[in-house]
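Residue numbers (the numbering used here): 18 to 421.
No residue lacks a Cβ here, since even glycine has one placed at the ideal position from N, Cα and C.
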Ligand code: JDE
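Structure below.
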């Protein structure tokens, strides 16, 4: 693959000589040529920019040097061939692994690095008359120029060329190649102590059981992707925050879906506790129907789909206690702050004379306990009132004065 880069800072591209890409160049897999845009200028000051028509801040890159530089790049290639021209900029199409794969197939790419406020718009139109042109963005942020974006894109594409990265497997196994994030990796020592804390390598990795290792790694990839990049998983209902949704009192018509959502949301607790034999799983429509008269149950729907719920009541044994229960957010929509909003909503329903807000969760459900702690709950200093495998968490109601 041949790559030409046009820039006013050729030194910015020096790192392309290093490491795997440097070796690929020495091996003849990749030929990178960097050109100084100022070389094609004809005035004494080697001018490449000027003030914007219409006014405004900063400077704009002039069209003439760009036309001359691109003509020079093209003239230097095999007759009849033309490069695909890539212009990095915050307004372009998003650079992804998929686009990297697509562009890595091209025999010849040219990059135009803009600086200042950008390049005179007529350069894009002119270039498109002669070349396939793509404006490409690394992400939603602004760089001072295209050079750093070129480094990133050339590295992402270069490593896909046959012979650049050692074994083909290490390419396939990596993050994003199949749409999931990477699994966590560990090396020696198996047990590592620092700051008085000992951290172990997960035992399955030391087991020698290749099947178990593969299953564990796949589960880790799914878990991480769901937690950190849910957008990469099957298209979820487009829900930003709960602000777009309305709380509604649950009705009998909601209950079949509520049974399904409850079971889906309690899978982690079942997995952690090793049993499905507890009420969120065993409750069906009849049990929830009965609960509608004992609790006030709220549900939230997005695009028609039931995505969250919570139920509240005064403790029948102690009417100064406000109980929250069956707090749930659809697994594919977790991690977006929806839960925090629901909790705040449910707490805000507590009558004035309530002295304690109470919620209960599985003793082993670390994630839930963390969420409740973050919401100001503390572990109650007594054994659970619900079941020995659970813990009670309590907090004081927010004083009316600090309600926003
Ligand atoms: C690439 N994601 C972001 C920046 C620019 C205000 C200030 C600067 C071609 O014209 C450009 C190029 C660049 C550099 O690229 C990026 C980038 N992926 O910032 C500007 C525009 N407005 C203009």
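Burial state of residue 317 is buried, judged by a 10 Å Cβ sphere holding 16 or more other Cβ atoms.
Judged by the Cβ position, residue 25 fails to qualify as a neighbour of the ligand JDE at the 7 angstroms threshold, every heavy atom of the ligand being at least this far. In the three-state reduction of the DSSP assignment, residue 277 falls in the helix class. The Cβ atoms of residue 50 and residue 63 lie no closer than 8 angstroms to each other.
At a cut-off of 7 angstroms, the beta-carbon of residue 166 counts as near the ligand JDE: some heavy atom of the ligand is closer than that. Ranked by Cα distance from residue 372, the first of 333, 415, 351 is 415. Relative to the Cα of residue 170, the nearest Cα in the group 247, 38, 67 belongs to 38. The nearest non-hydrogen atom of the ligand JDE is 7 angstroms or more from the C-beta of residue 327. Rounded to whole angstroms, the separation of the alpha carbons of residue 408 and residue 378 is 6 angstroms. From the listed residues 98, 132, 46, 48, the smallest Cα separation to residue 75 is found for 132. Taken atom to atom, the span from the alpha-carbon of residue 343 to that of residue 336 is near 19 angstroms.
Residue 224 carries a coil assignment under DSSP once its states are collapsed to helix, strand and coil.
In this structure, residue 411 has its CB at a distance of at least 7 angstroms from all heavy atoms of the ligand JDE. If you draw a 10 Å sphere on the C-beta of residue 163, you find 16 or more other C-beta atoms in it, and that means buried.
DSSP places residue 42 inside the alpha helix (DSSP H), whose first and last residues are 36 to 43. Closest in C-alpha terms to residue 362, from the list 198, 314, 124, comes 314. In the DSSP assignment, residue 151 falls within the unbroken beta strand (DSSP E) covering 149 to 154.
Annotated three-state conformation of residue 102 is strand, per DSSP.
Taking the C-beta atoms as reference points, residue 236 is found no nearer than 8 angstroms to residue 348. It is roughly 51 angstroms from the alpha-carbon of residue 360 to the alpha-carbon of residue 128.
Take residue 148, set aside five residues on each side of it, and the residues of its chain with a beta-carbon closer than 8 angstroms to its own are 87, 91, 99, 100, 101, 102, 127, in chain order.
Looking at the DSSP output, residue 316 bridges to 265, 326. Set against 7 angstroms, the gap from the CB of residue 159 to the closest heavy atom of the ligand JDE is smaller. In this model, residue 391 and residue 69 are separated by some 51 angstroms (Cα to Cα).
It is roughly 12 angstroms from the alpha-carbon of residue 35 to the alpha-carbon of residue 168. Judged by DSSP in its simplified three-state form, residue 410 adopts strand. Rounded to whole angstroms, residue 48 and residue 291 show a C-alpha spacing of 57 angstroms.
Distance from residue 140 to residue 80 at the Cβ level is roughly 5 angstroms; contact confirmed, criterion being Cβ atoms closer than 8 angstroms.
If you draw a 10 Å sphere on the C-beta of residue 272, you find 16 or more other C-beta atoms in it, and that means buried. Inter-residue distance for residue 44 and residue 155 is about 28 angstroms (C-alpha atoms, whole angstroms).
Cβ neighbours of residue 278 within its own chain (closer than 7 angstroms, five residues either side excluded): 323, 326, 345, 347. Here residue 197 is not near residue 232, since their CB atoms are 8 angstroms or more apart.
Per the coordinates, the alpha-carbon of residue 389 lies some 48 angstroms from the alpha-carbon of residue 151.
For residue 115, the uninterrupted alpha helix (DSSP H) run begins and ends at 114 to 121, by DSSP. Ranked by how close their Cα comes to the Cα of residue 404, the residues 166, 61, 295 have 295 in first place.
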